[in-house]
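Here the UniProt record's numbering is used: the first residue of the sequence shown is 1, the next is one more, and so on.
We treat Cβ as the ideally placed atom computed from N, Cα and C, and that holds for glycine.
Single-structure report; data block below.
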Amino acid sequence: MTYAGNGTLFQKKTFANYWFHTRHKPQLLIFPAIYATARSKTKCNNILNMSLPPPSSTQAFCNVSALEAGIIELPLVMFVTNNTDPKAVSVAPSLSFLLQHSNNQQKFVFDLGIRKDWENYPPRAVQWVKDTFEIRVPQDAIESLIKGGISPSEITTVCLSHCHFDHVGDTRPFTNSTFVVGSGSKEHFQPGYPADPTSPFASDLLPPSRTEFLSSTNWPPLGPFPHALDFYEDGSLYIIDSPGHLAGHINILARTSSDGAWIYLAADSAHHWDLITGKADIAVGHPSHFHSCAHQNKEAAETHILRIRELCKIPRVRVLLAHDEPWYMGNKNGDAFLPGKITSL
Numbered sequence: 001m002t003y004a005g006n007g008t009l010f011q012k013k014t015f016a017n018y019w020f021h022t023r024h025k026p027q028l029l030i031f032p033a034i035y036a037t038a039r040s041k042t043k044c045n046n047i048l049n050m051s052l053p054p055p056s057s058t059q060a061f062c063n064v065s066a067l068e069a070g071i072i073e074l075p076l077v078m079f080v081t082n083n084t085d086p087k088a089v090s091v092a093p094s095l096s097f098l099l100q101h102s103n104n105q106q107k108f109v110f111d112l113g114i115r116k117d118w119e120n121y122p123p124r125a126v127q128w129v130k131d132t133f134e135i136r137v138p139q140d141a142i143e144s145l146i147k148g149g150i151s152p153s154e155i156t157t158v159c160l161s162h163c164h165f166d167h168v169g170d171t172r173p174f175t176n177s178t179f180v181v182g183s184g185s186k187e188h189f190q191p192g193y194p195a196d197p198t199s200p201f202a203s204d205l206l207p208p209s210r211t212e213f214l215s216s217t218n219w220p221p222l223g224p225f226p227h228a229l230d231f232y233e234d235g236s237l238y239i240i241d242s243p244g245h246l247a248g249h250i251n252i253l254a255r256t257s258s259d260g261a262w263i264y265l266a267a268d269s270a271h272h273w274d275l276i277t278g279k280a281d282i283a284v285g286h287p288s289h290f291h292s293c294a295h296q297n298k299e300a301a302e303t304h305i306l307r308i309r310e311l312c313k314i315p316r317v318r319v320l321l322a323h324d325e326p327w328y329m330g331n332k333n334g335d336a337f338l339p340g341k342i343t344s345l
């Protein structure tokens with residue numbers, strides 16, 4: 001099943017040069033979306049313009065390939081209010097993605113899924129898995145890259161949407177990559193495991209000399225999103241500040257063609273499509289939640305879901321969740337996975 005949604009875009013200079021810039025170029029045709037409240041049942045209003053920037057005559061874009069990176073069974077009662085069966089699960093992927101720039105050929109990986117030897121995550125994370133989820137990793141992101149003809153050493157950038165176990169995989173093979181995470185992720189490693197034996201976050205997850213913690217404070221708005229960074233400064237790939245799920249949570253919006261097609265990689269903004277469509281609300285009170293629900297900040301998560309819902313109204317924007325069971329069931333073992341690519345809308 002394919003989901004198209006309303007899109008957004010951002011622009012930036014080369015990644016290597018970006019960190020030395022303190023000013024961002026103004027965006028064209030980009031306006032903030034103003035929401036009435038942060039509750040998931042509340043409708044958005046006062047949206048000034050939901051258009052995405054039109055492509056230039058020499059528009060760069062990204063070829064996006066899905067990567068197998070493990071399977072996780074998500075108990076639906078943890079995530080949505082419209083299912084009360086404690087045995088009902090979503091047998092979902094933990095998707096990773098390879099985005100290859102059309103011009104400079106740089107290789108950008110978004111999320112790493114579940115590591116093959118997941119028992120080597122910090123003890124608290126391992127216990128959480130054993131108590132809550134069924135997971136299996138017949139092929140991890142590293143194996144998926146290699147099977148598709150790409151070595152982890154060829155990856156220029158690894159961007160993690162956030163630092164939960166089913167998104168960080170195994171970072172060690174990416175010896176030449178710069179790691180990009182949201183600035184809020186810093187708090188997970190202060191101090192992290194093993195200095196804090198109760199932490200689910202390993203302190204050595206990210207290489208200190210090759211990690212950039214991105215602050216979205218000065219990022220301009222784009223479409224329904226208040227803060228967006230044009231990563232390559234050519235309108236091909238944007239990092240979206242995506243608050244709510246976990247500190248530092250970010251999404252990706254990328255062009256997938258030179259004539260106006262887009263993809264939005266929503267990570268854990270929502271764990272089920274019923275949250276995006278409005279058929280269900282975020283479930284609360286499950287004993288396995290670290291917080292009151294599956295999100296660290298429920299109100300912020302609801303607001304961000306509303307923004308994605310608005311995004312879904314824009315033509316030629318495909319929206320994918322990290323645990324997108326419907327899309328996965330319709331595309332697994334197909335051309336959307338490396339060495340193939342996801343078809344543009």
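V129, enclosing alpha helix (DSSP H) - first and last residue: P123 to T132
Continuous alpha helix (DSSP H) stretch holding G326: start and end: According to the sequence displayed, residue 326 carries Pro and not Gly. Looking at the DSSP string, the run of the alpha helix (DSSP H) that includes P326 is E325 to N331.
So W118 is in the alpha helix (DSSP H); what residue range does that whole segment cover? Element bounds for W118: n/a, residue is neither H nor E.
Just to confirm the assignment, what range does the beta strand (DSSP E) spanning K107 have? K107 to F110
Output needed for Y121: all residues of its chain with C-beta closer than 8 Å, excluding positions within five of it in sequence on either side, in chain order. R115, V129, F165, P200 and A202
Have a look at E310, P287 and D204 and flag the residue whose alpha-carbon is nearest the alpha-carbon of Y264. E310
List the DSSP bridge partners of W262. R255 and V317
Nearest-angstrom Cα separation, counted from M78 out to T84: 9 Å
With DSSP collapsed to three states, give me the class of D335. coil
Restricting to Cα atoms, I'd like to know which of I71, F108, S216 and S236 is closest to P138. I71
Between the segment 278 to 298 and the segment 241 to 257, can you find at least three pairs of beta-carbon atoms closer than 8 Å? yes
Does the segment 259 to 279 come close enough to the segment 207 to 217 that 3 or more CB-CB pairs lie under 8 Å? no
Rounded C-beta distance between Y272 and S94? I'm assuming under 8 Å. Looking at the sequence provided, one finds His at residue 272 rather than Tyr. Contact doesn't hold; Cβ gap of about 14 Å is too wide.
Cα-Cα separation between E73 and G182, rounded to whole angstroms: 27 Å
W219 to A300 span [Cα, whole Å]: 18 Å
Could you tell me which of T157, Y193 and D268 sits nearest to I308, measuring between CA atoms? D268
For I282 versus C312, is the C-beta spacing smaller than 8 Å? no
Going by the beta-carbon positions, is the gap between T256 and F110 smaller than 8 Å? no
For L214, which residues in the same chain have their Cβ closer than 8 Å to its Cβ, ignoring the five residues on either side in sequence? V180, V181, G182, S183, L229, I239 and I250
May I ask you to list the residues that DSSP assigns as paired with D234? DSSP output for D234 lists no bridge partner at all.
Quick one: Cα of Q27 to Cα of P315, how far? Legend: pLDDT at Q27 = 33, less than 50; position of this residue unreliable, no value from coordinates given.
For the beta strand (DSSP E) that contains T211, what are its first and last residues? T211 to L214
Environment of A16 [buried if 16+ CB atoms lie within 10 Å]: Because the pLDDT of A16 is 33, which lies under 50, any placement of that residue in the model is unreliable, and the number read from its coordinates should be weighed accordingly. With fewer than 16 other Cβ atoms within 10 Å, it is exposed.
Does the Cβ of P191 have 16 or more other Cβ atoms within 10 Å, making it buried, or fewer, making it exposed? exposed
Of all the options T217, D140 and K107, which has the alpha carbon lying nearest to the alpha carbon of D117? D140
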